[in-house]
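**Q** So that we are looking at the same thing, I have put the structure below in structure tokens.
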Amino acid sequence: MGKITFYEDRNFQGRSYETTQDCADMSSFLSRCHSCRVDSGCFMVYDRNNYMGNQYFMRRGEYPDYQRMGMGMNDCIRSCRMIPMHKGNFRMRIYERENFEGQMHEMMDDCDSIQERYRMSDCQSCNVMEGHWLMYEQPHYRGRQMYMKPGEYRSFSQMGMGGMRFMSMRRIMDNIVDHGDGWDGISGMVSNIFRSSHYNEPFLPFKVTPSNTAVNVHVTTC
Numbered sequence: 439m440g441k442i443t444f445y446e447d448r449n450f451q452g453r454s455y456e457t458t459q460d461c462a463d464m465s466s467f468l469s470r471c472h473s474c475r476v477d478s479g480c481f482m483v484y485d486r487n488n489y490m491g492n493q494y495f496m497r498r499g500e501y502p503d504y505q506r507m508g509m510g511m512n513d514c515i516r517s518c519r520m521i522p523m524h525k526g527n528f529r530m531r532i533y534e535r536e537n538f539e540g541q542m543h544e545m546m547d548d549c550d551s552i553q554e555r556y557r558m559s560d561c562q563s564c565n566v567m568e569g570h571w572l573m574y575e576q577p578h579y580r581g582r583q584m585y586m587k588p589g590e591y592r593s594f595s596q597m598g599m600g601g602m603r604f605m606s607m608r609r610i611m612d613n614i615v616d617h618g619d620g621w622d623g624i625s626g627m628v629s630n631i632f633r634s635s636h637y638n639e640p641f642l643p644f645k646v647t648p649s650n651t652a653v654n655v656h657v658t659t660c
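Oh and the sequence shown: position 16 is 454 in the working numbering, straight run, nothing missing.
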């Protein structure tokens, strides 16, 4: 079970709110949030109620301010969702067009570029059969991102993705070998616009150490 604590002020000061489960509206507990601490598990946090808006992925570690959380100064955490860790096989089918049409490929592992691997220039729908995945707007796990749990996704555009294309995919795991890009195994639905980044320098605004091993999917220079 995961546990995350949010604080009104920087450096874990002020009123706090601790949760081990999803929270669709944090405004009942805190008027603002300027720092947080993830004691266990991993979470997706959102800057709007009901898991909407910009999303940020966080794993175990301390985030004393917005910069460490990878958030912009105008952002504020309004809801959060605990992400379950999947134990077992991973399987997802990606489709070139909406409603599971066009070119289709079944994936069971990470793919840093669907264009290079499958000669696929777009992905507009998918069917997640096993495991939880992250889909990225750009190759090599960069750009805006979408968290996918098991289910059918017939149209990304109808989910608020607009004209986004997803060009790389990664499994959400709690134990994975580093592929040399700074990814050490934990990653983390979201609608509307959201931004993301790659767990690696120089995209991350802080240096990752054993005591601060957290991945946030959105980095904004403040």
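Built from N, CA and C at the ideal position, the CB exists for glycine as well.
#1: Is R516 closer than 8 Å to E568 when the C-beta atoms are compared?
#2: Going by beta-carbon coordinates alone, are R557 and P502 separated by less than 8 Å?
#3: If you compare alpha carbons, which of M439, Y445, S606 is closest to M545?
#4: Considering only C-alpha positions, which residue in the set K587, G589, R582 is nearest to G601?
#5: Along the alpha helix (DSSP H) that carries Q553, what are the first and last residues, could you check?
#6: Would you kindly check if the distance between the Cβ of M482 and the Cβ of C518 is under 8 Å?
#7: With a threshold of 7 Å (Cβ to nearest heavy atom), would G569 be considered close to the ligand ADP?
#8: Could you spell out where the beta strand (DSSP E) holding Y494 opens and where it closes?
#9: I need the straight-line Cα distance from F594 to R486, nearest angstrom please.
#10: Mind checking N492: buried by the 16 CB within 10 Å criterion, or exposed?
#11: Our contact map puts F604 next to S563 with C-beta atoms below 8 Å; I'd like the distance itself, whole angstroms only.
#12: Taking the C-alpha atoms as reference points, what is the distance between R531 and Q505?
#13: Run through DSSP, which three-state label would Q541 get?
#14: Let's see if you can read the secondary structure: which residues bound the beta strand (DSSP E) around R608?
#15: Roughly how far, in whole angstroms, is the beta-carbon of S559 from the beta-carbon of H578, given that I think they are within contact range, below 8 Å?
#16: Is M586 closer than 8 Å to H570 when the C-beta atoms are compared?
#17: Let me know if N473 comes out buried or exposed under the rule of 16 or more other beta-carbons within 10 Å of its beta-carbon.
#18: Provide the residue span of the beta strand (DSSP E) that contains R529, from first to last.
#19: Can you give me the start and stop residues for the beta strand (DSSP E) that R486 sits inside?
#20: Bridge partners for Q576 per DSSP, in chain order?
#21: Quick check: the Cα distance between S466 and T458, rounded to an integer number of angstroms?
**A** The short version:
#1: Here residue 568 corresponds to residue number 130 of the sequence shown, with the count starting at 1. Here residue 516 corresponds to residue number 78 of the sequence shown, with the count starting at 1. No, the Cβ-Cβ distance between E568 and R516 is not below 8 Å.
#2: Counting from one through the sequence shown, the residue named residue 557 turns up at place 119. Counting from one through the sequence shown, the residue named residue 502 turns up at place 64. No, the Cβ-Cβ distance between R557 and P502 is not below 8 Å.
#3: As a first step, residue 545 must be located in the sequence shown, where it is residue number 107. Cα-wise, what sits closest to M545 is S606.
#4: Numbered from its first residue, the sequence shown carries residue 601 at position 163. Taking only the C-alpha atoms, the option nearest G601 is R582.
#5: Counted from its first residue, the sequence shown places residue 553 at position 115. It spans 552-556 - the alpha helix (DSSP H) in which Q553 sits, taken as one unbroken run.
#6: The residue you call residue 518 lines up with position 80 of the sequence shown. The residue you call residue 482 lines up with position 44 of the sequence shown. Yes, these two residues count as a Cβ contact at 8 Å.
#7: This structure simply doesn't include the ligand ADP, nor any ligand for that matter.
#8: Counting from one through the sequence shown, the residue named residue 494 turns up at place 56. Note, Y494: beta strand (DSSP E), 490-496.
#9: As a first step, residue 594 must be located in the sequence shown, where it is residue number 156. As a first step, residue 486 must be located in the sequence shown, where it is residue number 48. Their backbone Cα atoms lie some 20 Å apart in a straight line.
#10: To locate residue 492, count along the sequence shown from 1; it is residue 54. Burial call: buried.
#11: Within the sequence shown, the letter at position 166 stands for residue 604. Within the sequence shown, the letter at position 125 stands for residue 563. No, F604 and S563 are not in contact; Cβ-Cβ is about 10 Å, not under 8 Å.
#12: The sequence position of residue 531 within the sequence shown is 93, counting from 1. The sequence position of residue 505 within the sequence shown is 67, counting from 1. Rounded to the nearest angstrom, the two C-alpha atoms are 36 Å apart.
#13: Indexing the sequence shown from 1 puts residue 541 at position 103. If DSSP states are grouped into helix, strand and coil, Q541 belongs with the strands.
#14: Position 170 of the sequence shown, counted from the start, is the residue given in the question as residue 608. Start and end: 606-609.
#15: Walking along the sequence shown from the start, residue 559 turns up at place 121. Walking along the sequence shown from the start, residue 578 turns up at place 140. 16 Å between Cβ atoms; not a contact.
#16: The count along the sequence shown starts at 1 and reaches residue 570 at position 132. The count along the sequence shown starts at 1 and reaches residue 586 at position 148. In this structure, M586 lies closer than 8 Å to H570 by Cβ.
#17: Indexing the sequence shown from 1 puts residue 473 at position 35. Looking at the sequence itself, residue 473 is Ser, so the reference to Asn does not match. S473 comes out buried.
#18: Here residue 529 corresponds to residue number 91 of the sequence shown, with the count starting at 1. Where R529 is concerned, the enclosing beta strand (DSSP E) stretches over 529-535.
#19: As a position in the sequence shown, residue 486 is number 48, starting the count at 1. Counting along the chain, the beta strand (DSSP E) containing R486 begins and ends at 481-486.
#20: Reading the sequence shown from its first residue, position 138 is the one you call residue 576. DSSP lists R580 as partners of Q576.
#21: Taking the first residue of the sequence shown as 1, we reach residue 466 at position 28. Taking the first residue of the sequence shown as 1, we reach residue 458 at position 20. Near 16 Å, if we compare the C-alpha coordinates of T458 and S466.
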